[in-house]
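Position 265 of the sequence shown, counted from 1, bears residue number 401 in the numbering used here, the numbering being contiguous throughout.
Where a beta carbon is used, it is the ideal one built from N, C-alpha and C, also for glycine.
The structure appears right after this line, and notes come after that.
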Amino acid sequence: MKKNRLAEFFKGKGYYVLLFVGIIAIAAVALIGSNLSSNQKDKGENFVDLNEPDNSMAADDENNLQTDNNDTSDQLADNEGTSLESENTPGSQDIVHNDNLLEFDVFTEEEENGIDLADVDETVTAAIEQDIEEQPTAVETAGVTVKNAIPLSFDVDAGLLWPVDGNVIMNYSMDHLVYYATLMQFKVNPAIIIDAEVGTEVKAATTGVITDIFDDPVTGLTVTMDIGDGYSLLYGQLANVDHKIGDRLSEGEVIGTINEPTKYYTVEGSNLYFMVLEGEETVNPMLYLR
């Protein structure tokens with residue numbers, strides 16, 4: 137009797153029951169499969185491939201390297217600034233022996249230019265010695281110190297250029313008296329008087345430095361020049377002198393022009409008053425003029 141009821145149940149509603157159970161089973165299987173797939177994916181993300189570089193660590197190393205480079209650059213800038221300030225200090229030619237700075241500078245120069253470290257000290261020493269040797273000498277003038285690139289040296293054998301072309305109307309004479317026509321008296325003459333027309337150019341007899349420019353009642357506008365080795369020259373009766381004390385003139389360079397004679401030489405006429413001194417003593421210019 138029970139079997140008949142069960143058979144009748146399945147014949148009536150049994151088909152729908154089985155269909156519902158099947159749908160639930162399929163949904164359960166799909167849900168379980170989805171959960172398993174999600175879990176495996178999460179586990180896969182936690183795995184680390186030891187063959188691949190750690191990008192985060194590489195990034196940190198790069199940042200640290202960049203920071204170190206920036207610190208080194210700042211230090212270089214500070215060192216260079218200190219070095220420039222020391223070099224620009226007026227009058228400071230002493231060498232500061234700083235082992236740290238020297239070692240750092242040599243290392244940088246070697247990296248950039250490939251300099252042999254064994255030759256650095258000799259090169260620096262040679263450059264310093266050359267700079268000292270090439271320092272200009274000083275010539276003392278009337279209240280002015282003049283620096284010259286080339287020291288003055290008077291070549292006695294080469295002699296002097298005639299400063300003007302003209303006849304000697306009064307010779308040098310310190311051991312006997314000569315006659316001064318304007319003064320109408322006899323006196324010694326520490327220079328030579330060379331006849332020259334007014335406006336004639338007066339040239340430097342040799343290279344020298346102007347040590348004084350002054351007006352004198354006897355010789356008029358007068359220029360003195362140091363020519364080296366204790367010798368000096370004096371040019372008198374001048375005009376149109378466009379130089380100043382301390383100027384260096386080469387041989388043959390125009391000093392000025394011949395002026396009207398002073399009252400002490402009116403009879404003699406316009407002339408160049410030319411004197412040569414060795415130390416404080418006058419000497420005969422004719423011994424040196426060529």
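Endpoints, the beta strand (DSSP E) within which residue i is located
i	result
G366	No beta strand (DSSP E) contains G366, which DSSP labels as neither H nor E.
T418	417-419
N325	321-325
I330	328-331
L408	407-414
T336	It is not in any beta strand (DSSP E) - T336 carries neither H nor E in the DSSP assignment.
G344	344-352
T393	390-394
Cβ distance (whole Å) where residue i is taken to contact residue j below 8 Å
i	j	result
K339	G388	5 Å
T343	L296	No, T343 and L296 are not in contact; Cβ-Cβ is about 11 Å, not under 8 Å.
E414	G366	6 Å
L288	D348	Not confirmed; about 16 Å, so no contact.
Minimum C-alpha distance to residue i - residue among the options
i	options	result
I346	L370, L313, A163	L370
D331	G158, N171, F410	F410
L357	T343, G392, G295	G392
V390	A327, D378, P326, I363	D378
Y316	Y401, Y424, V157	Y401
N325	Y152, E337, T355, I162	T355
G335	R426, V292, N407	N407
D351	G364, Q373, E333	Q373
M422	A327, L155, L167	A327
P353	I286, E396, V419	E396
Sheet register partners of residue i (DSSP bridge)
i	result
Y308	Note: Y308 sits in no beta bridge, so no partner.
G295	Paired residues: none, contrary to the question.
Next on the checklist: Taking contact to mean 3 or more Cβ pairs, one atom from each stretch, closer than 8 Å, check whether the stretch 377-384 and the stretch 303-310 are in contact.
Outcome noted: Segments in contact, no.
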